[in-house]
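Engineer: Each residue of the sequence shown is one higher than the one before, counting from 1 in full-length UniProt numbering. Don't be surprised by glycine CBs; every beta carbon is placed ideally from N, CA and C. This one's a predicted model, so the numbers in the text were calculated from it and none came from an experiment.
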Amino acid sequence: MNGRRKTGRLSLRVASTLALTAMLAACGGGGSASPAGAASGAAATPVAAQRKPMGLLIPLYAYPLTYSGSGVTRVTVVNPAWTAVAMGAASVPTVAVINPSSGPAACSDPPTATLAAFQQSIAQLQAADVTVLGYVHTSYGQRGQALVLQDVQTYAHCYGVDGIFFDEVPNTTGDASYYAAVSSAARAAIKPQSGKPALVVINPGSYPGLAVAQTADITVMHESADLNLPPVPAALASLPPSRYAYMAYGIGQPVQAALSALFSRGIAYVDLTDQGTGGTDPWTNLATGYAGLVQAVQGLNQTLAP
Numbered sequence: 001m002n003g004r005r006k007t008g009r010l011s012l013r014v015a016s017t018l019a020l021t022a023m024l025a026a027c028g029g030g031g032s033a034s035p036a037g038a039a040s041g042a043a044a045t046p047v048a049a050q051r052k053p054m055g056l057l058i059p060l061y062a063y064p065l066t067y068s069g070s071g072v073t074r075v076t077v078v079n080p081a082w083t084a085v086a087m088g089a090a091s092v093p094t095v096a097v098i099n100p101s102s103g104p105a106a107c108s109d110p111p112t113a114t115l116a117a118f119q120q121s122i123a124q125l126q127a128a129d130v131t132v133l134g135y136v137h138t139s140y141g142q143r144g145q146a147l148v149l150q151d152v153q154t155y156a157h158c159y160g161v162d163g164i165f166f167d168e169v170p171n172t173t174g175d176a177s178y179y180a181a182v183s184s185a186a187r188a189a190i191k192p193q194s195g196k197p198a199l200v201v202i203n204p205g206s207y208p209g210l211a212v213a214q215t216a217d218i219t220v221m222h223e224s225a226d227l228n229l230p231p232v233p234a235a236l237a238s239l240p241p242s243r244y245a246y247m248a249y250g251i252g253q254p255v256q257a258a259l260s261a262l263f264s265r266g267i268a269y270v271d272l273t274d275q276g277t278g279g280t281d282p283w284t285n286l287a288t289g290y291a292g293l294v295q296a297v298q299g300l301n302q303t304l305a306p
């Protein structure tokens, strides 16, 4: 989910909600058992009866300010995308990932105009109950830990974020110690004003090894427009779906059937967007129907027992 950084993982594009629904059904999404239950063969109470409200995991890579008007009437205003995410958080648990410059822009005292814009806008998101994560790329475990931790410290000291989104994570087990180290450092460095623990999300974009997934609070198990997703591996049977996130792009409207399938599986966070067609970056802009996505997830959450 690398916004400005291009690795080639985000390649295929589709625009079919039916395809997503079919993929989920193949993975057990249409049934009532969680992936863990399906893998183990254990009988389970329907996940929808147990689960917490489903949330949105939103790449918010746009600059927080924009301009309105022209000439002498031109004024600086909050980017509508940031406003939409803040408004949606009143209805649905929302995690937003910011990415100032393929990671954080440098700290300065006094802050630059860019840093000040992010600081003020992040605080406004948090006041609206949005959990804000800072984007950090890891180059599939090849980026030096010192550089990764420098980004973490910059976010902690200058941006006031609530956690870290580690991108470019390998879908293997060999790098578990790397991600355990950087995740632990993120939790130690970041102290959200809410008093909650720092949130760590990793993005392998497909099923990783269990040891890697266990280093994070939430793992993006799917990030693609290629919806031919294989079943959840048996190796991940012990990891509850409440620690899964699913992201799909180039998806046409409506998305209700796909969201319902993800909800029934107990998936914690989702983002289904129509952006990303024609080779464009799917995470530069919000889904065209973002308000409808919020409403659809809210409707599913309202089916939960009080």
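1) In the structure shown, what three-state DSSP assignment does ASP109 receive?
2) Answer with buried or exposed for ARG74, where buried requires no fewer than 16 other C-beta atoms within 10 angstroms of its C-beta.
3) Who are the near neighbours of GLN50 in its chain, counting only those whose CB is closer than 8 Å to its CB and skipping five residues on each side?
4) What three-state label does DSSP hand LEU304 in the structure shown?
5) Does the structure place the region 79-92 close enough to the region 50-67 that three or more beta carbon pairs sit under 8 Å?
6) Tell me where the alpha helix (DSSP H) around MET87 begins and ends.
7) Work out the CA separation of LEU293 and VAL255 for me, nearest whole Å.
8) Could you check the C-alpha separation between GLN153 and LEU199 for me, to the nearest Å?
9) In angstroms with no decimal places, state the Cα-to-Cα distance between ALA89 and ILE122.
10) Kindly indicate which three-state DSSP category VAL97 falls into: helix, strand or coil?
11) Since I believe VAL232 is in contact with THR173 (beta carbons under 8 Å), could you give me their beta-carbon distance rounded to a whole number of angstroms?
12) Could you please give the first and the last residue of the uninterrupted beta strand (DSSP E) stretch that includes LEU239?
13) Can you tell me whether VAL297 is helix, strand or coil according to DSSP?
14) Within 10 Å of its beta-carbon, does VAL77 have 16 or more other beta-carbons around it, so buried, or fewer, so exposed?
15) Closest to ILE164 by CA distance: which of LEU210, ASP281, ALA186 and GLN126 is it?
16) Opposite HIS157 in the DSSP bridges: which residues?
17) What ranges does the alpha helix (DSSP H) occupy inside the region 120-165, keeping only unbroken runs of at least 4 residues that lie completely in it?
18) Give me the Cβ distance between GLY276 and ALA225, rounded to the nearest whole Å; I'm assuming they're in contact under 8 Å.
19) Considering Cα atoms alone, identify which of THR94, SER183 and GLY160 is closest to GLN120.
Structural biologist: In brief:
1) Counting from one through the sequence shown, the residue named residue 109 turns up at place 109. In the structure shown, ASP109 sits in coil (DSSP, three-state: anything other than H, G, I, E or B).
2) Counting from 1 along the sequence shown, the entry for residue 74 is found at position 74. With fewer than 16 other Cβ atoms within 10 Å, it is exposed.
3) As a working mapping, residue 50 is identified with position 50 in the sequence shown. So the list reads GLY266, once near-sequence residues are dropped.
4) In the sequence shown, residue 304 corresponds to position 304, counting from 1. If DSSP states are grouped into helix, strand and coil, LEU304 belongs with coil.
5) yes
6) Translated into positions along the sequence shown, residue 87 becomes position 87. Residues 80-88.
7) Numbered from 1 along the sequence shown, position 255 holds the residue referred to as residue 255. Numbered from 1 along the sequence shown, position 293 holds the residue referred to as residue 293. Approximately 8 Å, taken between the alpha carbons.
8) Taking the sequence shown and counting its residues from 1, the one referred to as residue 153 is at position 153. Taking the sequence shown and counting its residues from 1, the one referred to as residue 199 is at position 199. Approximately 15 Å between the Cα atoms of the pair.
9) In the sequence shown, residue 89 corresponds to position 89, counting from 1. In the sequence shown, residue 122 corresponds to position 122, counting from 1. Looking at the two C-alpha atoms, the distance is approximately 13 Å.
10) The residue labelled residue 97 in the question sits at position 97 within the sequence shown. Three-state result, VAL97: strand.
11) Against the sequence shown, residue 173 aligns to sequence position 173. Against the sequence shown, residue 232 aligns to sequence position 232. About 16 Å separates the two Cβ atoms, so there is no contact after all.
12) As a working mapping, residue 239 is identified with position 239 in the sequence shown. Counting along the chain, LEU239 falls outside any beta strand (DSSP E), and DSSP gives it neither H nor E.
13) Here residue 297 is taken as the residue at index 297 of the sequence shown, counted from 1. The DSSP-derived three-state label of VAL297 is helix.
14) Position 77 of the sequence shown, counted from the first residue, corresponds to residue 77. Counting Cβ neighbours within 10 Å, VAL77 comes out exposed, since fewer than 16 surround it.
15) By one-based count along the sequence shown, residue 164 stands at place 164. When each option's Cα is compared against that of ILE164, the closest is ALA186.
16) Position 157 of the sequence shown holds residue 157. Its beta-bridge partners do not exist; DSSP assigns none.
17) 145-154
18) Within the sequence shown, residue 276 is the residue found at index 276, counting from 1. Within the sequence shown, residue 225 is the residue found at index 225, counting from 1. Right, their Cβ atoms sit about 6 Å apart.
19) Counting from one through the sequence shown, the residue named residue 120 turns up at place 120. The option with the nearest alpha carbon to GLN120 is GLY160.
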